[in-house]
Structures are given as structure tokens and as C-alpha cells.
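Trainee:
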Amino acid sequence: MGTRGRKSAIDQIQPSNVFKTIERPAPPRELTDQQRAIWFDVVGAHPADTFQPDIWPLLIAYCRHVVEQRHIAGLIEALKRDRRATFKDYDQHLKMQERESRAASSLAVRLGIANTTYADKAEQGRAFVRKKPWEFKSKAEH
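Residue numbers (the numbering used here): 48 to 189.
1. Is DSSP giving residue 159 helix, strand or coil here?
2. Could you name the residues of the same chain whose beta carbon sits closer than 8 Å to that of residue 140, not counting the 5 residues immediately before and after it, in chain order?
3. I'd like to know if the region 137 to 153 and the region 75 to 95 are in contact, where contact means that at least 3 CB-CB pairs between them fall below 8 Å.
4. If you drop the 5 nearest sequence neighbours on each side, which residues of the same chain put their C-beta closer than 8 Å to that of residue 55?
5. Residue range of the alpha helix (DSSP H) that residue 125 falls in?
6. How would you label residue 116, buried or exposed, when you count the other beta carbons within 10 angstroms and need 16 or more for buried?
7. If residue 78 and residue 158 are in contact, beta carbons under 8 Å, what's the gap, nearest whole angstrom?
8. Would residue 100 and residue 87 be called neighbours here (beta carbons separated by less than 8 Å)?
9. If you draw a straight line from the C-alpha of residue 82 to the C-alpha of residue 51, how long is it?
10. Is the Cβ-Cβ distance between residue 113 and residue 69 less than 8 Å?
11. If you reduce the DSSP assignment to three classes, tell me which class residue 56 lands in.
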């Protein structure tokens, strides 16, 4: 026969749930070595339960865009040393790099890994509040 009354919180905890570890997701086989390195960097920099399977396609795309952006940056550096390169070639490579950077940046925001997503929400709210003219501090008060 058991004890009377409610069980305490300690008694309700199942021993199997106490030490349950959450594993970080492994990169898919379809990624290249460079893309896998980005995957490990991103996944390792955040809590283990951050990247659930439903957002892995976004993370895969992010890894690919970052690697492509780096590759294009290398091509631009090589183009700078090439005497036969034209301004049109250089401009075209810069446009490609911008597209890759924008795509990676957009995915980083959507994944919640961009620095802007860590900003304090209270600070963000205050940034858009208009102060009344008499609320500004004078130069003498600074």
C-alpha cells in the first residue's frame, strides 16, 4: 500500500527523464566538407535543442550560401590580380557575391542565428520611441 496524499515533485520525476541528453543534429551526407564545417560551427554555437528537423532545410541552404559567398570572394581576389579582367567581370562577380550574402543573411535571421536576433527586445522598443523636444539632454548634462 502506498503513501497517502499527493506525490511530491521529487517523487513525480521519472528517473529515465532526469539524465536525458539532447544530441546535436549531424550534418546531412549531401553537404560538402566545407558546408559540413559551417553546419558544425552553427550547431555548436547554440543550445542542442535549437535546430529541430523542421528547419534543417534552411540550415542546409544557409551552409551552402556561406560557402558559395566565400568561393566568390576568392574569385574576386583572383580577378583583382588578373590584368586581363575587365570592370564588367569585376562588377558581375560583386553582384554574385552580394546575392549570396543577402541570401545567407536572410536565412541567418530566419534561423535565429544572426546577431540582430539576440538584441534585447526592450532596447529595440526604445529605439523607435520618439522623444519630445524637452526630453533631450542638453550638451552640458552629458
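Backbone N, C-alpha and C define an ideal beta-carbon position, used for all residues, glycine too.
Mentor: Let's see:
1. coil
2. 119, 122, 123, 126
3. no
4. none
5. 103 to 128
6. buried
7. About 16 Å; that fails the 8 Å criterion.
8. no
9. 58 Å
10. no
11. helix
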